[in-house]
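Numbering-wise (the UniProt record's numbering), the sequence shown opens with residue 1 and increments by one.
Ideal placement from N, C-alpha and C gives every residue a C-beta, glycine not left out.
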Amino acid sequence: MIISHCLNAMRYNVVFNLEEQLQKFDDESEKHAEELRKTNEVFFDPDFPPNGDSLGNRKDENGKLIVVDYGDLWLTPQEIIEIGSKKIQSLLGDNKAASGTVNESALRGDQEALRGYREYSIDVIPDEKDKKWSLYDNPWPFHVKQGDLGDCWLIAAIQCIARRKDLLEHILPIRDYTEDSGIVPVRLFIGGQWEVVKIDYHLPQYRNRERFAGVLNNQFWVSFIEKAYAKIQGSYANLKGGFSHEAFKYFTGFPAYREKVDKLWNPEKIWRRYSEYHTRGFLLAASTFPDEEYQSKYSDLGLLGNHAYSILDFKAHEGHQLILLGSTHSQKWNGKWSKLPAYDETIMGQLSDEDRLLAYHKIGWMEFDEIIQRFCYIYIGESRHPTVRTSPWFKNRFLQKIVLFKENVFQVLRINIEQRQEIEIEIDASYGDTLYGLNIHKVTEDNECGELLMPFEGRTNVSTKSLFLDPGSYFAVPSLDPGGSIFMLNWTVGRFHCKMLDVSNTPSGFSPTSLEIFHFVALPSFVARETTHLLAVKYGVFEKLQDNIYCYKWAGKNHLYAYILIENRSESKQTYRFSSGGLWSLQKPDVLYWHLEISVKNHYRWRSNFMVLMLR
Numbered sequence: 001m002i003i004s005h006c007l008n009a010m011r012y013n014v015v016f017n018l019e020e021q022l023q024k025f026d027d028e029s030e031k032h033a034e035e036l037r038k039t040n041e042v043f044f045d046p047d048f049p050p051n052g053d054s055l056g057n058r059k060d061e062n063g064k065l066i067v068v069d070y071g072d073l074w075l076t077p078q079e080i081i082e083i084g085s086k087k088i089q090s091l092l093g094d095n096k097a098a099s100g101t102v103n104e105s106a107l108r109g110d111q112e113a114l115r116g117y118r119e120y121s122i123d124v125i126p127d128e129k130d131k132k133w134s135l136y137d138n139p140w141p142f143h144v145k146q147g148d149l150g151d152c153w154l155i156a157a158i159q160c161i162a163r164r165k166d167l168l169e170h171i172l173p174i175r176d177y178t179e180d181s182g183i184v185p186v187r188l189f190i191g192g193q194w195e196v197v198k199i200d201y202h203l204p205q206y207r208n209r210e211r212f213a214g215v216l217n218n219q220f221w222v223s224f225i226e227k228a229y230a231k232i233q234g235s236y237a238n239l240k241g242g243f244s245h246e247a248f249k250y251f252t253g254f255p256a257y258r259e260k261v262d263k264l265w266n267p268e269k270i271w272r273r274y275s276e277y278h279t280r281g282f283l284l285a286a287s288t289f290p291d292e293e294y295q296s297k298y299s300d301l302g303l304l305g306n307h308a309y310s311i312l313d314f315k316a317h318e319g320h321q322l323i324l325l326g327s328t329h330s331q332k333w334n335g336k337w338s339k340l341p342a343y344d345e346t347i348m349g350q351l352s353d354e355d356r357l358l359a360y361h362k363i364g365w366m367e368f369d370e371i372i373q374r375f376c377y378i379y380i381g382e383s384r385h386p387t388v389r390t391s392p393w394f395k396n397r398f399l400q401k402i403v404l405f406k407e408n409v410f411q412v413l414r415i416n417i418e419q420r421q422e423i424e425i426e427i428d429a430s431y432g433d434t435l436y437g438l439n440i441h442k443v444t445e446d447n448e449c450g451e452l453l454m455p456f457e458g459r460t461n462v463s464t465k466s467l468f469l470d471p472g473s474y475f476a477v478p479s480l481d482p483g484g485s486i487f488m489l490n491w492t493v494g495r496f497h498c499k500m501l502d503v504s505n506t507p508s509g510f511s512p513t514s515l516e517i518f519h520f521v522a523l524p525s526f527v528a529r530e531t532t533h534l535l536a537v538k539y540g541v542f543e544k545l546q547d548n549i550y551c552y553k554w555a556g557k558n559h560l561y562a563y564i565l566i567e568n569r570s571e572s573k574q575t576y577r578f579s580s581g582g583l584w585s586l587q588k589p590d591v592l593y594w595h596l597e598i599s600v601k602n603h604y605r606w607r608s609n610f611m612v613l614m615l616r
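Here it is as structure tokens:
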């Protein structure tokens, strides 16, 4: 099957023959592995051998040739793990506390030895069960570490796929012959089609540590992807210098591009656009300026010049638009919001002590305005699951009648996802009162309306278009006119049914995925109002109007309407007079005035006056 995808007058002709191609590779590799097992040998790649030619000639920042001992042995994953474990134990010596923690001050006499192990979970002594390597096991972005090679552009791109199970399992499938025979298949999009790059699992080392991409939590997926990329480029040295969007193309098979950061950008507007890209499953990264004038400023803030960083998440916090920035080293951004926990309490509670420490040192929140001021490029990679599109969208349609505020319950659509899924939701409200938009929320453990993940705007008709949802449960909550009463909503819920690559060794090689369940559930009627309050709080501009009176202002990107949330934090009722012109720029010639009696915050989560301004 041939799929053409166009972007900026560029055409990508993608030939998908993955099923036959991958099955053929598996058959050949399994046959090769059987021969190796008979003689108790492992695979050595003759096309990318463990020698100086594969390392290549590298130069430092001044253009001076880096002298390398090309006689250094390349190690297997198990050798790297065992040597690393023994080295940590020798560094600990008699300084091992009963709790298993390390007193680093007692180890300062061996800084050179300790340097390479600081990210090797040295705060916890490795147990016997931890001395076995894996391809990946619940990987996170903070498990990705750049080595002694200027390929931050590639490593940052690899960070972006750490939590993309669909992409990672496609690029690097788990196979028995990898572990016991050293044959590693890495699938990359090369020259307009998917190809399997065959490498062995031996890695270059320096002083008994991996020379390039680091190994954290005994996982080698980063090192193998880097090695496959090096093989394509002819040597490791050829990976120095590049752009993350080029790596995105290799990982997804879809177009990728870069945008030059403009200091005149409107932070809120651009943040919203990139946040929408993230919601749709796109991969994002950013790079800093190479200019000397920025270096001292970067150093003070924990940033590196001429360096690539992954963009991992978006959220609004206390009226500020933030992005989660991933560092390829242990030095991260240390400016405002950097100490905000990378993940919510639920996720942080599930992480090990080592992982929480790594997250703290490698990932941090940054206000988007800082990106505009301190970065020069943003890289965008379109992304969908690398599948064969042999089946169409499956759509379900139904009519919902809502009598708002006259009933104690409000029916909302619940969606349960078992496997990352591409869906589309559309609501048409041609009859009845006004529909303003659609908000997608997480479902809490108590089956309540939780975090607002993404809003979609509209007027009469709202569509999410193509939307990717990770495993979990979600509420699709329409944003309705608070002054309305009866709404007639025509829903269309579609899912894309596709053949997805199976990482098991089943003969079929493919297994279907689906949108397992979607149904309406009854929530308290105030949810209809609260979802719009949360939209204003999360994405709006926060402003203090006067003592104890605060305002959240949000306007739709199409300027169809605006939400204004007024909050009174005092112990008494207040009256505040304001104009639309002074409160929000609505591009409306006339100025309207209101006198509001603001109630005391005492009953609901957001007990405050609220208004919607419609631009007609």
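8 Å contact criterion, which Leu413 and Arg280 should meet: CB distance rounded: Not really, about 20 Å apart at Cβ, beyond 8 Å.
Residues near Ser244 by beta carbon distance below 6 Å, same chain, minus five either side: Answer for Ser244: Trp153, Ala156, Ala157, Ala285, Ala308 and Tyr379, listed in chain order.
The segment 216 to 226 in contact with the segment 41 to 51 per 3-pair CB rule at 8 Å: no
Status (buried if at least 16 other CB within 10 Å, exposed otherwise) for Asn439: buried
Where Arg495 sits in the DSSP three-state scheme: strand
Asn505 versus Ile174: straight-line alpha-carbon distance, rounded: With a pLDDT of 33 at Asn505, under the threshold of 50, the modelled position of this residue cannot be trusted, and the question is left open.
Three-state secondary structure (DSSP) of Phe48: coil
Segment contact flag, the segment 316 to 331 with the segment 358 to 367, C-beta cutoff 8 Å, min 3 pairs: yes
Top-ranked residue by Cα proximity to Ile80, from Ala228, Phe248, Arg211 and Pro267: Arg211
Same chain only: Cβ atoms within 8 Å of Asp94, ignoring 5 sequence neighbours per side: Confidence at Asp94 is low in this model, with a pLDDT of 42, below 50, so its placement is unreliable and no value can be given for it.
Inter-residue spacing [alpha-carbon to alpha-carbon] between Pro290 and Phe189: 29 Å
Sequence-distant residues of the same chain with beta carbon closer than 6 Å to Ile83, five excluded per side: Asn208
Residue from Leu73, Trp140 and Thr444 with nearest C-alpha to Gly52: Leu73
CA-to-CA distance, Gly472 to Val443, given in whole angstroms: Taking the straight line joining both Cα atoms gives about 8 Å.
Cβ-Cβ distance between Thr328 and Gln193 below 8 Å: no
Terminal residues of the alpha helix (DSSP H) in which Gln546 lies: From DSSP, Gln546 is part of no alpha helix (DSSP H) but of the beta strand (DSSP E) over Val541 to Gln546.
His329 in three-state terms, based on DSSP: coil
Expected contact under 8 Å - CB spacing of Cys449 and Thr531 to nearest Å: 7 Å
Sequence ranges, alpha helix (DSSP H) only - wholly within the segment 247 to 325, length at least 4: Counting whole runs of 4 or more residues, the segment 247 to 325 contains the alpha helix (DSSP H) stretches 267 to 279 and 292 to 300.
According to DSSP, residues forming a beta bridge with Asn490: According to DSSP, Asn490 shares a beta bridge with Leu399 and Asp428.
Helix, strand or coil at Trp133 [DSSP, three-state]: Looking at Trp133 - three-state DSSP - the assignment turns out to be coil, as it is neither helix nor strand.
Reference Glu382; option with closest CA among Phe487, Phe251 and Ser296: Phe251
Chain-order list of residues whose beta-carbon lies under 6 Å from that of Ile402 (same chain, five-residue window excluded): Phe487
Alpha carbon of Gln159 to alpha carbon of Asp353, nearest angstrom: 20 Å
Beta carbon of Ile423 nearer than 8 Å to that of Val462: no
Local conformation of Gln146 per DSSP, three classes: Gln146: coil per DSSP, three-state reduction.
Glu276 versus Ser287, Phe456 and Glu30, residue with shortest Cα-Cα distance: Checked all of Ser287, Phe456 and Glu30; the closest Cα to Glu276 is Phe456.
Beta carbon of Ala359 nearer than 8 Å to that of Tyr177: no
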